[in-house]
Structures are given as structure tokens and as C-alpha cells.
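Undergrad:
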Amino acid sequence: AAGVIQSPRHLIKEKRETATLKCYPIPRHDTVYWYQQGPGQDPQFLISFYEKMQSDKGSIPDRFSAQQFSDYHSELNMSSLELGDSALYFCASSFGRGLYNSPLHFGNGTRLTVT
Amino acid sequence: KQEVTQIPAALSVPEGENLVLNCSFTDSAIYNLQWFRQDPGKGLTSLLLIQSSQREQTSGRLNASLDKSSGRSTLYIAASQPGDSATYLCAVRSEKLVFGKGTKLTVNP
């Protein structure tokens with residue numbers, strides 16, 4: 508079965524650079540979520556999109572932005588990168604924003620290292 | 009604000025033991041609860057999903073229970089194996105999915 512695809516798997520950037528992470532949800536899933544997991548930490552919710560509109564916002568820094576496109580894939584844009592942005596970034600997808608009983612399916616994550 | 013706590017933070021057991029991982033949450037108004045497995049530096053693998061109307065779910069050697077009124081869930085692993093070594097995360101779904109900090113399990117051969 509198709510899963511959530513994230514790219515790239517690994518990304519190394521320098522401070523103050525920009526990074527773009529991509530997420531391709533499971534086919535027919537219309538909701539995408541972004542999470543950030545720092546070293547030794549639990550995943551923290553950043554932002555979510557339903558039908559191309561932002562549906563919820565968590566602890567996402569102002570330096571980050573995201574969007575969901577017409578094909579439901581999503582991109583997380585990170586600017587003015589800081590050392591503390593080094594983390595594993597997960598994307599998850601589900602079907603139906605209002606269907607809170609539907610499970611979230613996670614991708615394998617993008618490991619971002621800022622040097 | 010929903011808070012999820014997992015106890016213990018780390019657990020080391022000999023192979024073959026049955027074990028229980030605990031998860032508690034502060035707001036019982038949840039839709040469901042998911043248990044995930046995470047290997048070091050890897051993604052999140054969903055193990056079990058329990059809807060708020062359910063009491064337990066089973067998959068192979070894993071059994072998860074949910075007591076929504078008391079804000080508790082347990083993950084029972086039977087006959088543990090070295091391959092079960094990983095961090096186990098509990099996540100509670102209200103409007104957001106909120107994670108606990110996980111229990112790092114080591115099963116020694």
C-alpha cells in the first residue's frame with residue numbers, strides 16, 4: 508500500500524540558509540500535518556492543511572511557512588535557518604479533517620541538519 | 009491543554025518477558041489514541057489505534073487498552089524479543105495529535 512512520501516530524506520544546510528521539505532500524502536488523503544522532532548524529544552505539531560487551506564497551527568516559527576497544493580502535496584519552507592532547527596521533520600496525512608477518528612499515517616521524515 | 013505522560017521513560021528487560029508500557033493523558037475528551045514505534049533516527053510506525061468508544065485493540069503480540077474516563081492506556085507486549093527494542097510513543101487525538109515523550113525499550117538477548 509502506498510505510504511506518505513517525504514523528500515529529501517536528509518538535508519544539510521548552513522545557518523541563515525533556506526530549506527524546502529516536501530510531503531506527498533497517501534492517495535485520496537486530503538489532510539496533511541507537519542511535525543518537528545528535536546533530538547530526544549517527542550514530535551511537536553507545527554501546522555496542518557485541509558483541502559489546501561491551513562486548518563490548524565501549532566508551534567511553527569514565523570520563519571517557517573507551508574502550503575498544500577492542488578494535488579494535495581505539501582511543502583514546508585524554512586528560512587533564516589538556525590542551529591536549533593536541526594531536527595527530524597515528519598509529515599502525516601489522513602482522510603477528512605472532520606473525521607477525528609481517522610488515523611494519521613506518518614512518513615519516514617526528513618532529517619535536517621543546520622551547521 | 010492536553011498533556012500526555014509515559015511511564016517509564018526507559019525499560020530494560022530480558023528476552024521472553026511480558027511487559028507493560030503506560031500512557032496517561034489529562035483531557036479525557038479524545039477521539040482516539042495511537043501507539044507508535046520509533047527506531048533510532050527513523051520514522052513513526054503506527055502499531056495500534058484505539059477509538060474512544062473501544063476498550064482495547066490487539067495485533068499479534070501487542071495489546072493496547074484504553075480507559076478514557078481515567079485518562080489511561082497501556083501497551084502490553086507479550087514474549088518480548090530483541091527486535092522489539094525501540095522507543096514506543098503514545099499519541100492522543102483531540103483536535104490535534106499530541107505525543108508523549110515515549111518509553112525507550114531495550115530487550116536483552
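First to last, the sequence lines map onto chains A and B.
For the first sequence, my numbering assigns the number 508 to the initial residue and increments by one for each residue that follows.
For the second sequence, my numbering assigns the number 9 to the initial residue and increments by one for each residue that follows.
Quick reminder that beta carbons are idealized off the backbone N, C-alpha and C, glycines included.
All values derive from a computational prediction rather than experimental measurement.
1. Who does K529(A) pair with in a DSSP beta bridge?
2. So if DSSP puts D75(B) in a beta bridge, which residue, or which two residues, is it bridged to?
3. Beta strand (DSSP E) containing F107(B): first to last residue?
4. Roughly how many angstroms lie between the CA atoms of T34(B) and L57(B), to the nearest whole one?
5. Closest to F558(A) by CA distance: which of C598(A), K529(A), H536(A) is it?
6. Does the distance between the C-beta of I567(A) and the nearest non-hydrogen atom of the ligand NAD fall short of 8 angstroms?
7. May I ask you to report which of helix, strand or coil DSSP gives L27(B)?
8. Please state if the CB of R69(B) and the CB of A86(B) are separated by a distance shorter than 9 angstroms.
9. Output needed for Q65(B): all residues of its chain with C-beta closer than 6 angstroms, excluding positions within five of it in sequence on either side, in chain order.
10. Classify F552(A): buried if its beta carbon has 16 or more other beta carbons within 10 angstroms, exposed otherwise.
11. Can the beta-carbon of K104(B) be found closer than 9 angstroms to that of D563(A)?
12. Tell me, please, whether the CB atom of Y579(A) is closer than 9 angstroms to any CB atom in chain B?
TA: Answer, in terms of the structure:
1. Looking at the DSSP assignment, K529(A) forms a beta bridge with S514(A), E582(A).
2. Under DSSP, D75(B) takes part in a beta bridge, and its partners are R80(B).
3. From DSSP, the beta strand (DSSP E) with F107(B) extends over 105–107.
4. Cα to Cα, T34(B) sits roughly 19 angstroms from L57(B).
5. For the sequence presented, residue 558(A) should be read as Glu rather than Phe. Nearest to E558(A) by C-alpha distance, out of C598(A), K529(A), H536(A), is H536(A).
6. In terms of ligand content, the structure shown is empty, and the ligand NAD therefore cannot be addressed.
7. L27(B) sits in a strand when the DSSP states are folded into three classes.
8. Yes, they are a contact pair.
9. The residues are L56, I58, A72.
10. Classification of F552(A): buried, given that the 10 Å Cβ count is 16 or more.
11. Yes; because the gap between Cβ atoms is below 9 angstroms, this pair is in contact.
12. No, Y579(A) does not count as interfacial toward chain B.
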